[in-house]
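Peer 1:
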Amino acid sequence: GENSGGKHGKSRGKVGTGRSNIKEELDEREGIQVKEMTPKKRKTLRRKIHCPFCKLDVTNFARHVLRNHKQEPEVAAFAWRAPNDQERKRQLEFLYKQGNFIKSAEGVTRPVRNPLLPKSKTFTTCTKCFGSFASSTFYKHAKTCHFRDGSNSGKKPRYYHQIAGQNLLVRHLQVDENLRTQVFPRMKPDNVSLVAKCDGLILRYGAKYFNSHDASHFVPVTSRKMRELAKVLIAVNGLAPEVTTFVDLLLPRHFNNIVAAIKQIAGFDETTHTYASPAFAMNISTSLKECCDIAELELVNRNEEAGSVETAEVIADIKALRMIIEKHWKHEVSSQAVNDLNEKSWNKVTLIPLATDLALLNTYLQNKGVSLALKLANDEMASRAFYGLVEIVYCRLLLLNRIRPGELQRLTVDLFEAHIDQPKPNASEEFAEVISPTERVLLSKCRRILLRGKGGKGVLVLFPTDVYEHAKLLLKSRRTFVGQENRLFFVRNNSDEPLRGYQVLAKHVKMAGVKFPNAITTTKLRK
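UniProt numbering puts the first residue of the sequence shown at 1, with every later residue one more than the last.
1) DSSP has Y394 in a bridge; who is on the other side?
2) Rounded to whole angstroms, what is the Cα-Cα separation between F218 and F416?
3) Please report how far the alpha carbon of A295 lies from the alpha carbon of T311, in whole angstroms.
4) Could you tell me the alpha carbon to alpha carbon distance between T272 and D340, rounded to whole angstroms?
5) With 16 as the cutoff for other CB atoms within 10 Å, does A512 come out buried or exposed?
6) Excluding sequence positions up to five away, which residues of its chain have a Cβ less than 7 Å from the Cβ of I325?
7) Pick helix, strand or coil for S132, following the three-state DSSP scheme.
8) What first and last residue would you give for the alpha helix (DSSP H) that runs through F53?
9) May I ask you to report which of helix, strand or coil DSSP gives Y275?
10) When the Cα of A385 is compared with those of P111, T480, H161 and S277, which residue comes out closest?
11) Judging by CA-CA distance, which residue of L460, L399, G483 and L233 is the nearest neighbour of A260?
12) Tell me, to the nearest whole angstrom, how far the beta carbon of A281 is from that of V333; I am working on the premise that it is less than 8 Å.
13) If Y468 sits next to R447, beta carbons under 8 Å apart, how far is it from one beta carbon to the other, in whole angstroms?
14) Measuring straight from C-alpha to C-alpha, what distance separates I318 and Q174?
15) Rounded C-beta distance between Y159 and P189? I'm assuming under 8 Å.
16) Measure the Cβ-Cβ separation of L499 and E391 and say whether it is below 8 Å.
17) For A105, I'd like the list of residues in its chain whose CB is within less than 8 Å of its CB, leaving aside the five on either flank, ordered along the chain.
18) Please report the Cβ distance between A279 and V393, rounded to the nearest whole angstrom; I am assuming they are in contact, meaning their Cβ atoms lie under 8 Å.
19) Roughly how many whole angstroms lie between the Cα atoms of V504 and P517?
20) So, are the CB atoms of T522 and R404 less than 8 Å apart?
21) Within its chain, find whatever has a CB closer than 6 Å to the CB of S383; leave out the 5 residues flanking it on each side and keep chain order.
22) Run through the DSSP bridge pairs and tell me what C446 is partnered with.
23) Can you tell me the Cα-Cα spacing of V514 and P464, whole angstroms?
24) So what's T124 in DSSP terms, helix, strand or just coil?
25) Which full runs of the alpha helix (DSSP H) of 4+ residues lie inside the region 315-361, going along the chain?
26) Taking the alpha carbon of L408 as the reference point, which residue from L389, L460 and K263 has its own alpha carbon closest?
27) So, using beta-carbon positions, are C291 and Y209 closer together than 8 Å?
28) Beta carbon of V192, beta carbon of K231: below 8 Å?
29) Comparing alpha-carbon positions, which option in K225, H254 and T127 lies nearest I163?
30) Measure the CB-CB distance between E87 and R81 and report whether it falls below 8 Å.
31) If you run the structure through DSSP and keep just helix, strand and coil, what is P498?
32) For E228, tell me which candidate among K197, E313, V491 and P252 has the shortest Cα-Cα distance.
33) May I have a chain-ordered list of the beta strand (DSSP E) segments no shorter than 3 residues that lie completely inside the region 216-251?
34) Would a C-beta distance cut-off of 8 Å place T125 and L168 closer than the cut-off?
35) Assuming I102 is part of the alpha helix (DSSP H), what are its boundary residues?
36) Where does F268 sit, in a helix, a strand or coil, going by DSSP?
Okay, here's the thing in structure tokens:
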């Protein structure tokens, strides 16, 4: 027989104990694959922990704080407990995580667990315990963190915890308050957003853009524009490593690098001379010129440096780059992007909504609205009927008025209440002789509300009699389902955000069973 060991036996594989690398050997005679594993090290080095009190790196954190900082209230709270007490361990854990979090301000990240594989290059900080974890597995810790509170109930946005952790890393930066509280929570928690949140010029650009428009629906637009500038900075840094901030980018000698970075981001194909994203290549020049203007203004406002020769040279370089962009951008980028965009629209099929489909959709919305209003009138706690009637009223107004969905989404409760008790306007005799029969019918059967539209222009919204009654019913039942702080009329379930108009219309178009659902969209209805 065959022996696996012993003096005279033949061993199928020999496991080496002094080798450091993992090897695989194949015994050709037996056909057996043997894997040699690296033996464990006899001594494991302790990781250094940053002390939050004396700002030193120590190896034995528990012994250090008990010997040197026992008078601190945070240490005295658990010093009297037994060494194996769970509450003592939790408070000690919170202290050492807090110390490593303070160390992260110096650019040193000390995760709670070092990843076995180098695939986790980004880390997220927990806002409750201040520990750093791999971003790919942070969702597991967010569910089991010992210091989480139970008050954050309800539906949270996607990546909510990662966004909060990333915003915690930039807490020490001087940022516009509107930008920090409204735009930062909406930015995707990746490296692009982190670069945008840490660069001073990009932050000033975002604050200026958002405050000049002063509207909540410009939050995603501001986030997108800041991320576009951050992508440009990252791409130029790959071509010119000396460029680390956006101010470093604003030099005439970097114009070719900027053009190359824009083409890389927009997906320019050198063979076919086409862009994957031509609109980005066309519009980014405006953001670049605005950044030049902001940087120039910031340098001029610094009175102590405004008269220096170095500052004058920097301002001259910024002006030169802006002039180069104005004169040469169209030849380098814009002309090809415009041609590409026009050629793609030539062969695009235009779908026109059929009259039969629109009539079928209108009938469906009317019947659905009547049934949901009846349910809500009989049962004030019927949440499905309430939110369903919100969508029906929205779709009917969109179908009648043919306006942009974002304009109707921003209708507020205060504006609607201001028009409830107003009597219908009666046309005078002189005016009645001028208007057409159609206008006379609209005047007698519709209510009107004027909203703020694109570019600050007024947008007229007509409410038919039945839709107006359904809207009044929604306003009456609103306090049962919607918080007092949410002033939007068209609300979503468990959210403070307005309805997404195009999604709601597409949903009910599909449910109505029209023949060509792709032809009935908000854009095609309007144009």
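A virtual CB, placed ideally from N, CA and C, is assigned to each residue, including glycine.
Peer 2: Reading from the atomic positions:
1) Here residue 394 corresponds to residue number 394 of the sequence shown, with the count starting at 1. Per DSSP, none; premise fails for Y394.
2) As a position in the sequence shown, residue 218 is number 218, starting the count at 1. As a position in the sequence shown, residue 416 is number 416, starting the count at 1. So the alpha carbons of these two residues sit roughly 23 Å apart.
3) Taking the first residue of the sequence shown as 1, we reach residue 295 at position 295. Taking the first residue of the sequence shown as 1, we reach residue 311 at position 311. Looking at the two C-alpha atoms, the distance is approximately 11 Å.
4) Counted from its first residue, the sequence shown places residue 272 at position 272. Counted from its first residue, the sequence shown places residue 340 at position 340. About 10 Å.
5) Taking the first residue of the sequence shown as 1, we reach residue 512 at position 512. A512 is buried by the Cβ-count criterion.
6) Here residue 325 refers to the residue found at position 325 when the sequence shown is read from its first residue. Residues S285, L288 and K289 of the same chain have their beta carbon placed closer than 7 Å to that of I325, with the five preceding and five following residues left out of the count.
7) On the sequence shown, residue 132 is found 132 positions in, with the first residue counted as 1. In the structure shown, S132 sits in a strand (DSSP, three-state: E or B).
8) Taking the first residue of the sequence shown as position 1, residue 53 is located at position 53. Note, F53: premise wrong, no alpha helix (DSSP H); not H, not E.
9) Residue 275 sits at position 275 when you count from the first residue of the sequence shown. Three-state result, Y275: strand.
10) Taking the sequence shown and counting its residues from 1, the one referred to as residue 385 is at position 385. Here the closest residue by C-alpha is T480.
11) Sequence index remark: in the sequence shown, residue 260 carries index 260 (1-based). Comparing Cα positions, the closest option is L233.
12) Mapped onto the sequence shown, residue 281 falls at position 281. Mapped onto the sequence shown, residue 333 falls at position 333. 5 Å between Cβ atoms; contact.
13) In the sequence shown, the residue the question calls residue 468 occupies position 468. In the sequence shown, the residue the question calls residue 447 occupies position 447. Taking C-beta atoms under 8 Å as the contact rule, Y468 and R447 qualify, at a distance of about 5 Å.
14) As a working mapping, residue 318 is identified with position 318 in the sequence shown. As a working mapping, residue 174 is identified with position 174 in the sequence shown. About 24 Å.
15) As a working note, residue 159 is residue 159 in the sequence shown. As a working note, residue 189 is residue 189 in the sequence shown. Confirmed, about 5 Å.
16) What you label residue 499 is simply residue 499 of the sequence shown in a count that begins at 1. What you label residue 391 is simply residue 391 of the sequence shown in a count that begins at 1. The answer is yes: Cβ separation under 8 Å.
17) For the purposes of this step, residue 105 is taken as residue 105 along the sequence shown, with counting starting at 1. Excluding the 5 residues flanking it on each side, A105 has same chain C-beta neighbours closer than 8 Å at H172, in chain order.
18) The residue you call residue 279 lines up with position 279 of the sequence shown. The residue you call residue 393 lines up with position 393 of the sequence shown. That pair is no contact at about 34 Å.
19) Numbered from its first residue, the sequence shown carries residue 504 at position 504. Numbered from its first residue, the sequence shown carries residue 517 at position 517. Computed Cα separation, rounded: 13 Å.
20) If you number the sequence shown from 1, residue 522 lands on position 522. If you number the sequence shown from 1, residue 404 lands on position 404. Cβ atoms of T522 and R404: closer than 8 Å.
21) Residue 383 sits at position 383 when you count from the first residue of the sequence shown. Hits under 6 Å: F481.
22) Counting from one through the sequence shown, the residue named residue 446 turns up at place 446. Its beta-bridge partners are P464.
23) Here residue 514 refers to the residue found at position 514 when the sequence shown is read from its first residue. Here residue 464 refers to the residue found at position 464 when the sequence shown is read from its first residue. Between V514 and P464, the C-alpha separation is close to 23 Å.
24) Against the sequence shown, residue 124 aligns to sequence position 124. Three-state DSSP puts T124 in a strand.
25) 335-346
26) As a first step, residue 408 must be located in the sequence shown, where it is residue number 408. In terms of CA proximity to L408, L460 leads the group L389, L460 and K263.
27) Residue numbering aside, residue 291 sits at position 291 when the sequence shown is read from its first letter. Residue numbering aside, residue 209 sits at position 209 when the sequence shown is read from its first letter. No, they are not a contact pair.
28) In the sequence shown, counting from the first residue as 1, residue 192 sits at position 192. In the sequence shown, counting from the first residue as 1, residue 231 sits at position 231. Yes.
29) Here residue 163 refers to the residue found at position 163 of the sequence shown. With distances taken between Cα atoms, I163 lies closest to T127.
30) Numbered from its first residue, the sequence shown carries residue 87 at position 87. Numbered from its first residue, the sequence shown carries residue 81 at position 81. In this structure, R81 lies closer than 8 Å to E87 by Cβ.
31) Sequence index remark: in the sequence shown, residue 498 carries index 498 (1-based). Note: P498 maps to strand in three-state DSSP.
32) Position 228 of the sequence shown holds residue 228. Of the candidates K197, E313, V491 and P252, the one whose C-alpha sits nearest the C-alpha of E228 is K197.
33) Inside the region 216-251, DSSP marks no whole beta strand (DSSP E) run of 3 or more residues.
34) As a first step, residue 125 is located in the sequence shown; it is residue number 125 there, counting from the start. As a first step, residue 168 is located in the sequence shown; it is residue number 168 there, counting from the start. Yes. Within cutoff.
35) Indexing the sequence shown from 1 puts residue 102 at position 102. Taken as a continuous stretch (DSSP letters only), the alpha helix (DSSP H) holding I102 covers Q86 to K103.
36) The count along the sequence shown starts at 1 and reaches residue 268 at position 268. Looking at F268 - three-state DSSP - the assignment turns out to be strand.
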